[in-house]
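Trainee: Numbering of the sequence shown is given in numbering that gives the first Met the number 0, commencing with residue 0 and proceeding in unit increments.
Even glycine gets a Cβ: it sits at the ideal position worked out from N, Cα and C.
Since we're looking at a predicted model, the values are computed, not measured.
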Amino acid sequence: MNAIFGIINKTGYAVDETMATKMQTSLLHRAVDGKNLYINGEVMFGHHKLVVHRRQKWEQQPLEADDCIITSDARIDNIQDLIKELQPGHSADGITDSQIILKAYKKWGNDCVNHLEGEFAFAIWDNTTKTFCGACDHIGFRTFYYYENKEIFAFASEIKAIEAIKSEALDFNEEIFLGHYSNIYQPITYDKKIKVLPSAHYIFLNEKFNTTIKQYWVAKKSNTYKFKNANDWNESLTSLLTKKIESQIDSDHPIGVMLSGGLDSSFVTAIACGLLKKQNRKLLAFSIVLPENYEGKYKDERKYIERLKELYDNLVVHYVSFADNEEPYANIHAAFDHLEAPANFLYYVEAKIHKYAQSIGVRTMLTGFGGDMTISYNGGGIIYNYLRNFNLIKAFKLLRKNYVNENVSLIMQFKNEIARFHPLYKFFKNKRNIIGYSNLPLSQLYISRIKDIHNRDIKNWKRYLANMINNGEL
Numbered sequence: 000m001n002a003i004f005g006i007i008n009k010t011g012y013a014v015d016e017t018m019a020t021k022m023q024t025s026l027l028h029r030a031v032d033g034k035n036l037y038i039n040g041e042v043m044f045g046h047h048k049l050v051v052h053r054r055q056k057w058e059q060q061p062l063e064a065d066d067c068i069i070t071s072d073a074r075i076d077n078i079q080d081l082i083k084e085l086q087p088g089h090s091a092d093g094i095t096d097s098q099i100i101l102k103a104y105k106k107w108g109n110d111c112v113n114h115l116e117g118e119f120a121f122a123i124w125d126n127t128t129k130t131f132c133g134a135c136d137h138i139g140f141r142t143f144y145y146y147e148n149k150e151i152f153a154f155a156s157e158i159k160a161i162e163a164i165k166s167e168a169l170d171f172n173e174e175i176f177l178g179h180y181s182n183i184y185q186p187i188t189y190d191k192k193i194k195v196l197p198s199a200h201y202i203f204l205n206e207k208f209n210t211t212i213k214q215y216w217v218a219k220k221s222n223t224y225k226f227k228n229a230n231d232w233n234e235s236l237t238s239l240l241t242k243k244i245e246s247q248i249d250s251d252h253p254i255g256v257m258l259s260g261g262l263d264s265s266f267v268t269a270i271a272c273g274l275l276k277k278q279n280r281k282l283l284a285f286s287i288v289l290p291e292n293y294e295g296k297y298k299d300e301r302k303y304i305e306r307l308k309e310l311y312d313n314l315v316v317h318y319v320s321f322a323d324n325e326e327p328y329a330n331i332h333a334a335f336d337h338l339e340a341p342a343n344f345l346y347y348v349e350a351k352i353h354k355y356a357q358s359i360g361v362r363t364m365l366t367g368f369g370g371d372m373t374i375s376y377n378g379g380g381i382i383y384n385y386l387r388n389f390n391l392i393k394a395f396k397l398l399r400k401n402y403v404n405e406n407v408s409l410i411m412q413f414k415n416e417i418a419r420f421h422p423l424y425k426f427f428k429n430k431r432n433i434i435g436y437s438n439l440p441l442s443q444l445y446i447s448r449i450k451d452i453h454n455r456d457i458k459n460w461k462r463y464l465a466n467m468i469n470n471g472e473l
């Protein structure tokens, strides 16, 4: 993906070129296909180019047009529809994402974000109004970090670019661990002075540099779909995923997929193989499995991966193995520098796959990540949630269905689907963990908040999942 960065000097003086160089240098790892700076008085915009999809080949950023400057990291999926509305009669050939975003901004102003679909983070300086607008996409796939003091407003795709020019020393934010280890997203960074723009938000600076942050989209029931049976669900899901994957694989570079053999990654792999087959292209899969001569107690899903190879002749599987001395936290400092956040114990697995994939030219990696919280969610908590909200008929219907179809006894269902979601059960289950936290050098307020999170009672599961989307947790 591209990298964007910039500085607005609030004092009216020209931006210090030394600061521009520091930001640019900190992000050189993303300047694989070129880099550019725009400096004009109090405004500096930068752009590092890493071509992933085809339209990026035509990009020349920062782009100056219509008395505005834009730098963007974007893939606009509804660009054809926008061209019809904003430039009727024009072909999409040669039109870039940054051009169409700027056209949308000139027509709709800050509300242009309501007309964009895809992944994006962008910044626009309007020379006419002397105002600034920055935004990120609905789910927060592309990041937008920012920092301001009395003299400057700075933004970047990565925190390290802002750290390179920030005048204050690092003010470490321990809240970053609270969010990471409790799986609760917070729009914060490890530095209290550097902010992250939440998903589906834009930030606006007026001519007096007063800042406004606004959420432009939330997930809510739209009544768009009317399903009569399970097949309707399946067809709609397949259609939506196919459309999204089709936009992801629009690249001249090899396409990869992290294939575990599980439901989610296999579903994505099957769709991608079908689409790439029409283009006479291969899909490169990367899988972690146990050695073929392994005789221990653990199992992997190699047989499912091999089955996919039989079904799709354009699927090329690369099995990635690990030496006995490779440990999860061996490169923990490098992981933090890369992620700019705490790493989980599986980071070393993903890092090895990504390094290998990169070595053979892959720039787009598909995954099934997040599927177990959405399409393949196992239903944990649903029965409890029905009972919690007095939907007794639905609860007992589901209990009976599990008993008849899955042969799960009512006692086991009570234990696994009802009792374990009750706050009292969580309290006793998590008590040992809380005691363990108490032995660490953490503030009592911090420990108290961990306790509240672990013991929280989810009253409405649909609302809970919608909030996860709206908060960027997925």
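1. What residue range does the beta strand (DSSP E) around residue 200 cover?
2. Count the other C-beta atoms from every protein chain shown that fall within 10 angstroms of the C-beta of residue 392, then say buried if there are 16 or more, exposed otherwise.
3. Assign residue 288 to buried or exposed, taking buried as 16 or more other Cβ atoms, counted over all protein chains shown, within 10 Å of its Cβ.
4. Assuming contact is defined by CB atoms lying nearer than 7 Å, are residue 284 and residue 258 in contact in what I supplied?
5. Roughly how far, in whole angstroms, is the beta-carbon of residue 91 from the beta-carbon of residue 100, given that I think they are within contact range, below 8 Å?
6. Where DSSP assigns a beta bridge to residue 194, which residues make up the other side?
7. Pull up the distance between the alpha-carbon of residue 385 and that of residue 395, whole angstroms please.
8. Which two residues bound the contiguous alpha helix (DSSP H) that contains residue 96?
9. Name the two residues that bound the continuous beta strand (DSSP E) containing residue 125.
10. Quick test of the definition: if touching needs 3 or more C-beta pairs under 8 Å, does the stretch 360-367 touch the stretch 260-274?
11. By the 10 Å Cβ neighbour count, where 16 or more other Cβ atoms means buried, how is residue 31 classified, buried or exposed?
12. Can you tell me the Cβ-Cβ gap for residue 251 and residue 53, rounded? I've got them flagged as a contact below 8 Å.
13. For residue 132, which beta-bridge partners are listed by DSSP?
14. Indicate the three-state DSSP secondary structure (helix, strand or coil) for residue 44 in the structure shown.
15. Consult DSSP for residue 324 and reduce its assignment to one of helix, strand or coil.
16. Assuming residue 63 is part of the beta strand (DSSP E), what are its boundary residues?
17. Assuming residue 26 is part of the alpha helix (DSSP H), what are its boundary residues?
18. Determine the direct distance from the alpha carbon of residue 206 to that of residue 128, and round the result to whole angstroms.
19. Residue 0 and residue 164: beta carbons closer than 7 Å?
20. For residue 469, name the three-state secondary structure that DSSP assigns.
21. With DSSP run on the structure shown, which of helix, strand or coil describes residue 554?
22. When you compare only the Cα positions, how much space is there between residue 153 and residue 204?
23. I want to know whether the stretch 136-146 touches the stretch 112-119 - three or more CB-CB distances under 8 Å.
24. One question on the structure: do residue 271 and residue 244 come within less than 7 Å of each other, judged by their Cβ atoms?
25. Only counting the same chain, and skipping five residues up and downstream in sequence, which positions put a Cβ closer than 7 Å to that of residue 470?
26. Does the distance from the C-beta atom of residue 68 to that of residue 107 stay below 7 Å?
27. Identify which residue in 56, 23, 253 has its Cα closest to the Cα of residue 161.
28. Which residues in the same chain as residue 169 place their Cβ atom closer than 6 Å to its Cβ, once the five residues preceding and following it in sequence are excluded?
29. What whole-angstrom Cβ distance do residue 276 and residue 313 have, given they're in contact under 8 Å?
30. What residue does the alpha helix (DSSP H) around residue 72 start on, and which one ends it?
31. Buried or exposed: residue 420, going by 16 or more other Cβ atoms within 10 Å of its Cβ?
32. Taking residue 239 as the reference, give the member of 228, 224, 280, 256 with the closest Cα.
33. From residue 77 to residue 132, what does the alpha carbon distance come to, in whole angstroms?
34. By Cβ distance, which residues of its chain are closer than 8 Å to residue 382, with the 5 residues on each side in sequence left out?
35. To the nearest angstrom, how far is the alpha carbon of residue 403 from that of residue 414?
Mentor: Considering the structure as presented:
1. Locating residue 200 in the sequence shown gives position 201, counting from the first residue. Start and end: 200-204.
2. In the sequence shown, the residue the question calls residue 392 occupies position 393. Residue 392 comes out exposed.
3. Counting from 1 along the sequence shown, the entry for residue 288 is found at position 289. Residue 288 is buried by the Cβ-count criterion.
4. Along the sequence shown, one-based indexing puts residue 284 at 285. Along the sequence shown, one-based indexing puts residue 258 at 259. A Cβ-Cβ contact shorter than 7 Å links residue 284 with residue 258.
5. Counted from its first residue, the sequence shown places residue 91 at position 92. Counted from its first residue, the sequence shown places residue 100 at position 101. Contact flag wrong, Cβ pair sits at about 14 Å.
6. Along the sequence shown, read from residue 1 onward, the residue named residue 194 stands at position 195. According to DSSP, residue 194 bridges with 145.
7. The residue you call residue 385 lines up with position 386 of the sequence shown. The residue you call residue 395 lines up with position 396 of the sequence shown. Roughly 9 Å between the two C-alpha positions.
8. Here residue 96 refers to the residue found at position 97 of the sequence shown. Going by DSSP, residue 96 is part of the alpha helix (DSSP H) stretching over 96-107.
9. Counting from 1 along the sequence shown, the entry for residue 125 is found at position 126. Looking at the DSSP string, the run of the beta strand (DSSP E) that includes residue 125 is 117-125.
10. A contact between stretches requires three or more CB pairs, one per stretch, nearer than 8 Å, and the stretch 360-367 meets this requirement with the stretch 260-274.
11. Within the sequence shown, numbered from 1, the residue matching residue 31 stands at position 32. By the 10 Å Cβ count, residue 31 comes out exposed.
12. Within the sequence shown, residue 251 is the residue found at index 252, counting from 1. Within the sequence shown, residue 53 is the residue found at index 54, counting from 1. The pair is a contact, with the Cβ atoms about 6 Å apart (cut-off 8 Å).
13. Sequence index remark: in the sequence shown, residue 132 carries index 133 (1-based). Paired residue(s): 123, 203.
14. For the purposes of this step, residue 44 is identified with residue 45 of the sequence shown, where counting begins at 1. Here residue 44 sits in strand by DSSP.
15. Within the sequence shown, the letter at position 325 stands for residue 324. In the structure shown, the three-state DSSP call for residue 324 is coil.
16. Here residue 63 is taken as the residue at index 64 of the sequence shown, counted from 1. Where residue 63 is concerned, the enclosing beta strand (DSSP E) stretches over 62-64.
17. Position 27 of the sequence shown holds residue 26. No alpha helix (DSSP H) holds residue 26; DSSP gives it neither H nor E.
18. Taking the sequence shown and counting its residues from 1, one reaches residue 128 at position 129. Taking the sequence shown and counting its residues from 1, one reaches residue 206 at position 207. Approximately 7 Å between the Cα atoms of the pair.
19. Taking the first residue of the sequence shown as 1, we reach residue 0 at position 1. Taking the first residue of the sequence shown as 1, we reach residue 164 at position 165. Using a Cβ distance threshold of 7 Å, residue 0 and residue 164 do not count as a contacting pair.
20. For this step, residue 469 is matched to residue 470 along the sequence shown. In this structure, residue 469 counts as helix in the three-state DSSP scheme.
21. One cannot answer for residue 554 here, as it falls past the ends of the chain, which runs 0 to 473.
22. For the purposes of this step, residue 153 is taken as residue 154 along the sequence shown, with counting starting at 1. For the purposes of this step, residue 204 is taken as residue 205 along the sequence shown, with counting starting at 1. The alpha-carbon atoms of residue 153 and residue 204 are separated by roughly 12 Å.
23. Touching, yes, given that three or more Cβ pairs across the two stretches are closer than 8 Å.
24. Taking the first residue of the sequence shown as 1, we reach residue 271 at position 272. Taking the first residue of the sequence shown as 1, we reach residue 244 at position 245. Annotated as proximal: residue 271 and residue 244, with beta-carbon spacing under 7 Å.
25. Here residue 470 refers to the residue found at position 471 of the sequence shown. Closer than 7 Å at Cβ, skipping near neighbours: 184.
26. For this step, residue 68 is matched to residue 69 along the sequence shown. For this step, residue 107 is matched to residue 108 along the sequence shown. No, the pair does not count as a contact, with Cβ atoms beyond the cut-off.
27. Residue numbering aside, residue 161 sits at position 162 when the sequence shown is read from its first letter. Per the C-alpha coordinates, the member of 56, 23, 253 positioned closest to residue 161 is 23.
28. Taking the sequence shown and counting its residues from 1, one reaches residue 169 at position 170. If we look at residue 169 and ignore the five residues flanking it on each side, its Cβ neighbours are 190.
29. Mapped onto the sequence shown, residue 276 falls at position 277. Mapped onto the sequence shown, residue 313 falls at position 314. By a beta-carbon distance limit of 8 Å, residue 276 contacts residue 313. Their separation comes to about 5 Å.
30. For this step, residue 72 is matched to residue 73 along the sequence shown. According to the DSSP assignment, residue 72 belongs to no alpha helix (DSSP H) but to the beta strand (DSSP E) extending over 67-75.
31. If you number the sequence shown from 1, residue 420 lands on position 421. Counting Cβ neighbours within 10 Å, residue 420 comes out buried, since at least 16 surround it.
32. Taking the first residue of the sequence shown as position 1, residue 239 is located at position 240. It is 224 whose Cα lies nearest to the Cα of residue 239.
33. What you label residue 77 is simply residue 78 of the sequence shown in a count that begins at 1. What you label residue 132 is simply residue 133 of the sequence shown in a count that begins at 1. A straight line joining the alpha-carbon of residue 77 with that of residue 132 spans about 21 Å.
34. Against the sequence shown, residue 382 aligns to sequence position 383. Shown here for residue 382: same chain residues with a beta carbon closer than 8 Å to its own, the five before and five after excluded, namely 394, 397, 398, 412, 416, 417 in chain order.
35. Counted from its first residue, the sequence shown places residue 403 at position 404. Counted from its first residue, the sequence shown places residue 414 at position 415. Using only the alpha carbons, I get a separation of about 17 Å.
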